[in-house]
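Engineer: There's a structure below that I have some questions on.
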Amino acid sequence: MSNGDEPTVEDGYGWLENRVRLALERVLELEVAATSEIAADDAYLHPIYRTFHQDVVQCLLTALDHLRFLSWSLRNREEPFPYAQFSLIRTAITAGATALWLLSGSTRDERRVRALEFSFRDIRSEVAWVDTVRTFPQNQDLHGEGHQEWADEMGRRQDWIVEQANTLLNPTKPFTRRTFAQHCTTDTDMVKLAGTVIPAGATGSYNPAITLLNTWQSMSGFAHARPWAALPGREITGTDPGTGRWKVIQKGDQNRLLDAAFRGLPAVEEAVRRLVALSSAAP
Numbered sequence: 001m002s003n004g005d006e007p008t009v010e011d012g013y014g015w016l017e018n019r020v021r022l023a024l025e026r027v028l029e030l031e032v033a034a035t036s037e038i039a040a041d042d043a044y045l046h047p048i049y050r051t052f053h054q055d056v057v058q059c060l061l062t063a064l065d066h067l068r069f070l071s072w073s074l075r076n077r078e079e080p081f082p083y084a085q086f087s088l089i090r091t092a093i094t095a096g097a098t099a100l101w102l103l104s105g106s107t108r109d110e111r112r113v114r115a116l117e118f119s120f121r122d123i124r125s126e127v128a129w130v131d132t133v134r135t136f137p138q139n140q141d142l143h144g145e146g147h148q149e150w151a152d153e154m155g156r157r158q159d160w161i162v163e164q165a166n167t168l169l170n171p172t173k174p175f176t177r178r179t180f181a182q183h184c185t186t187d188t189d190m191v192k193l194a195g196t197v198i199p200a201g202a203t204g205s206y207n208p209a210i211t212l213l214n215t216w217q218s219m220s221g222f223a224h225a226r227p228w229a230a231l232p233g234r235e236i237t238g239t240d241p242g243t244g245r246w247k248v249i250q251k252g253d254q255n256r257l258l259d260a261a262f263r264g265l266p267a268v269e270e271a272v273r274r275l276v277a278l279s280s281a282a283p
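Using the UniProt record's numbering, the letters of the sequence shown map in sequence onto residues 1 to 283.
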């Protein structure tokens, strides 16, 4: 980018840093009004010792931290990494889309069902992690009475969530833990939904939903080591004289990274905007 009228990648770094900083400040400075929708949702989740606000903020801080580190790593390295920085954007989009999915329920009940799903998946993943930790020989003390009390409490929380989901959704056949787990929204569907509620034009595309999903899929390709995702970064440097095969190296691309980051950032910003609105005092 040598044209004086055209932004440089350094300009892009600055824009990304500024937008991330502003979003981060709004999240960290936010105070939840006692009469707000968020406060009511927080109280609803009290039986499982969680708050709606806490879960949304966890997602937003995760997204913004990854974008902040992306910008820092681009500024502090002469050449971008060929793979790793793309996966930072994938995590940012996943976390931002999750926050936006949580916040964009069209009714209070829909928002709470989504909060129940998020909490249910979180508890189950924690239980699975602890079960793995307990297999280490040095952790045999985790098989005692104290662990059983914790396991019983995690089971109680899952049962409460399933009970609430049955009340709010009134399915033809009541959910069990297993069937509610199958019902929970996937990351892919969260990204799809997030794209539909981003303001038109925010991603620089005619269709934010397609743009966000496509970007997330590309970044996921890097996170899962899919060869197709890395194809645009491959550069032929010559031919091996012995075999006649091409010599190929993998290179990163600042412009591609910035483009992907700016396509994902609007989901985070829209989630922040909605969080602020729902945290305000009810009229």
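Glycine included, every Cβ here is placed at the ideal spot set by N, Cα and C.
Around the Cβ of A282, are there at least 16 other Cβ atoms within 10 angstroms (buried) or fewer (exposed)?
Structural biologist: Here residue 282 refers to the residue found at position 282 of the sequence shown. A282 should be labelled exposed.
Engineer: From M1 to H46, what distance separates their C-alpha atoms?
Structural biologist: Within the sequence shown, numbered from 1, the residue matching residue 1 stands at position 1. Within the sequence shown, numbered from 1, the residue matching residue 46 stands at position 46. Low confidence applies here, because M1 scores a pLDDT of 41, under 50, leaving its location unreliable and the question unanswered by this model.
Engineer: State yes or no: is the C-beta of A261 within less than 9 Å of the C-beta of L67?
Structural biologist: Taking the sequence shown and counting its residues from 1, the one referred to as residue 261 is at position 261. Taking the sequence shown and counting its residues from 1, the one referred to as residue 67 is at position 67. Yes, Cβ-Cβ distance for A261 and L67 is below 9 Å.
Engineer: Would you say W160 lies against chain D (beta-carbon separation less than 9 Å)?
Structural biologist: Here chain D cannot be found, since the structure has a single protein chain.
Engineer: Between N255 and the rest of its own chain, which residues show a CB-CB distance below 6 Å, the 5 nearest in sequence each way excluded?
Structural biologist: Counted from its first residue, the sequence shown places residue 255 at position 255. Counting only Cβ-Cβ distances below 6 Å, and skipping sequence neighbours, we find nothing.
Engineer: With H, G and I counted as helix, E and B as strand and the rest as coil, what does DSSP make of K247?
Structural biologist: Here residue 247 refers to the residue found at position 247 of the sequence shown. The three-state secondary structure of K247, taken from DSSP, is strand.
Engineer: Spell out the partners DSSP gives E235 in its beta bridges.
Structural biologist: Counting from 1 along the sequence shown, the entry for residue 235 is found at position 235. Under DSSP, E235 takes part in a beta bridge, and its partners are I249.
Engineer: By how many angstroms is the C-alpha of T107 removed from the C-alpha of G155?
Structural biologist: Indexing the sequence shown from 1 puts residue 155 at position 155. Indexing the sequence shown from 1 puts residue 107 at position 107. Cα to Cα, the separation comes out at about 28 Å.
Engineer: To the nearest angstrom, report how far apart residue 364 and S218 are at their CA atoms.
Structural biologist: A query on residue 364 cannot be resolved here, the shown segment of the chain reaching from 1 to 283 and no further.
Engineer: In whole angstroms, what is the alpha-carbon distance linking V127 and D187?
Structural biologist: As a working note, residue 127 is residue 127 in the sequence shown. As a working note, residue 187 is residue 187 in the sequence shown. Spanning the two alpha carbons is a distance of roughly 20 Å.
Engineer: Could you check what DSSP says for Y13 in three-state terms: helix, strand or coil?
Structural biologist: Stepping through the sequence shown from its first residue, residue 13 is reached at position 13. In the three-state reduction of the DSSP assignment, Y13 falls in the helix class.
Engineer: Using only alpha-carbon positions, find the residue among L258, P232 and M190 that is nearest to G96.
Structural biologist: Within the sequence shown, numbered from 1, the residue matching residue 96 stands at position 96. Nearest option by C-alpha distance: M190.
Engineer: Short of 6 Å in beta carbon distance, which residues of its chain neighbour S71, apart from the five on each side in sequence? Order them along the chain.
Structural biologist: In the sequence shown, counting from the first residue as 1, residue 71 sits at position 71. Once the five neighbours on either side are set aside, the close Cβ partners of S71 are Y13, L16 and E17.
Engineer: Whether or not the stretch 50-66 and the stretch 220-234 are in contact is what I'm after, with contact meaning three or more pairs of Cβ atoms, one per stretch, closer than 8 Å; do they touch?
Structural biologist: Too few Cβ pairs lie closer than 8 Å, so no.
Engineer: Below 8 Å on the Cβ atoms is my contact criterion, and I expect L74 with P80 to pass it. Report the Cβ-Cβ distance as a whole number of Å.
Structural biologist: Locating residue 74 in the sequence shown gives position 74, counting from the first residue. Locating residue 80 in the sequence shown gives position 80, counting from the first residue. Between P80 and L74 the Cβ distance is about 6 Å, and since that is below 8 Å, they are a contact.
Engineer: How about S279 and S36: do their beta carbons lie closer than 9 Å?
Structural biologist: Numbered from 1 along the sequence shown, position 279 holds the residue referred to as residue 279. Numbered from 1 along the sequence shown, position 36 holds the residue referred to as residue 36. Cβ distance < 9 Å, so S279 and S36 count as in contact.
Engineer: Under the rule that 16 or more other beta-carbon atoms within 10 Å means buried, what is W216, buried or exposed?
Structural biologist: Stepping through the sequence shown from its first residue, residue 216 is reached at position 216. Per the 10 Å Cβ criterion, buried.
Engineer: Grouping DSSP H, G and I as helix and E and B as strand, with all else coil, what is G264?
Structural biologist: Taking the sequence shown and counting its residues from 1, one reaches residue 264 at position 264. If DSSP states are grouped into helix, strand and coil, G264 belongs with the helices.
Engineer: What residue range does the alpha helix (DSSP H) around T94 cover?
Structural biologist: For this step, residue 94 is matched to residue 94 along the sequence shown. Where T94 is concerned, the enclosing alpha helix (DSSP H) starts and stops at A84 to L103.
Engineer: Buried or exposed: T239, going by 16 or more other Cβ atoms within 10 Å of its Cβ?
Structural biologist: The sequence position of residue 239 within the sequence shown is 239, counting from 1. For T239, the number of other beta carbons within 10 angstroms of its own is below 16, and it is reported as exposed.
Engineer: Do A165 and V113 have their C-beta atoms within less than 9 Å of each other?
Structural biologist: Here residue 165 corresponds to residue number 165 of the sequence shown, with the count starting at 1. Here residue 113 corresponds to residue number 113 of the sequence shown, with the count starting at 1. The answer is yes: Cβ separation under 9 Å.
Engineer: Starting from K192, follow the alpha helix (DSSP H) in both directions and report where the run begins and ends.
Structural biologist: Taking the sequence shown and counting its residues from 1, one reaches residue 192 at position 192. From DSSP, the alpha helix (DSSP H) with K192 extends over D187 to V197.
Engineer: Taking 9 Å as the threshold (C-beta atoms), are L213 and R19 in contact?
Structural biologist: Along the sequence shown, one-based indexing puts residue 19 at 19. Along the sequence shown, one-based indexing puts residue 213 at 213. Contact: no.
Engineer: Where V133 and T243 are concerned, what is the direct C-alpha to C-alpha distance, given to the nearest angstrom?
Structural biologist: Locating residue 133 in the sequence shown gives position 133, counting from the first residue. Locating residue 243 in the sequence shown gives position 243, counting from the first residue. Distance between the alpha carbons of V133 and T243: 49 Å.
Engineer: Could you tell me the alpha carbon to alpha carbon distance between L64 and T203, rounded to whole angstroms?
Structural biologist: On the sequence shown, residue 64 is found 64 positions in, with the first residue counted as 1. On the sequence shown, residue 203 is found 203 positions in, with the first residue counted as 1. Their Cα atoms are separated by approximately 17 Å.
Engineer: Output needed for A23: all residues of its chain with C-beta closer than 7 Å, excluding positions within five of it in sequence on either side, in chain order.
Structural biologist: Translated into positions along the sequence shown, residue 23 becomes position 23. The answer, listed in chain order, is L64, V268, E269 and V272.
Engineer: If I measure Cβ to Cβ from A33 and keep anything under 8 Å in the same chain, skipping five residues before and after, which residues do I get?
Structural biologist: Here residue 33 is taken as the residue at index 33 of the sequence shown, counted from 1. The residues are A39, S279, S280, A281 and A282.
Engineer: If you measure between the beta carbons of R90 and S220, is that distance less than 9 Å?
Structural biologist: Working through the sequence shown from its first residue, we reach residue 90 at position 90. Working through the sequence shown from its first residue, we reach residue 220 at position 220. Yes, Cβ-Cβ distance for R90 and S220 is below 9 Å.
Engineer: Where G105 and R111 are concerned, what is the direct C-alpha to C-alpha distance, given to the nearest angstrom?
Structural biologist: Residue numbering aside, residue 105 sits at position 105 when the sequence shown is read from its first letter. Residue numbering aside, residue 111 sits at position 111 when the sequence shown is read from its first letter. G105 and R111: Cα-Cα distance of roughly 4 Å.
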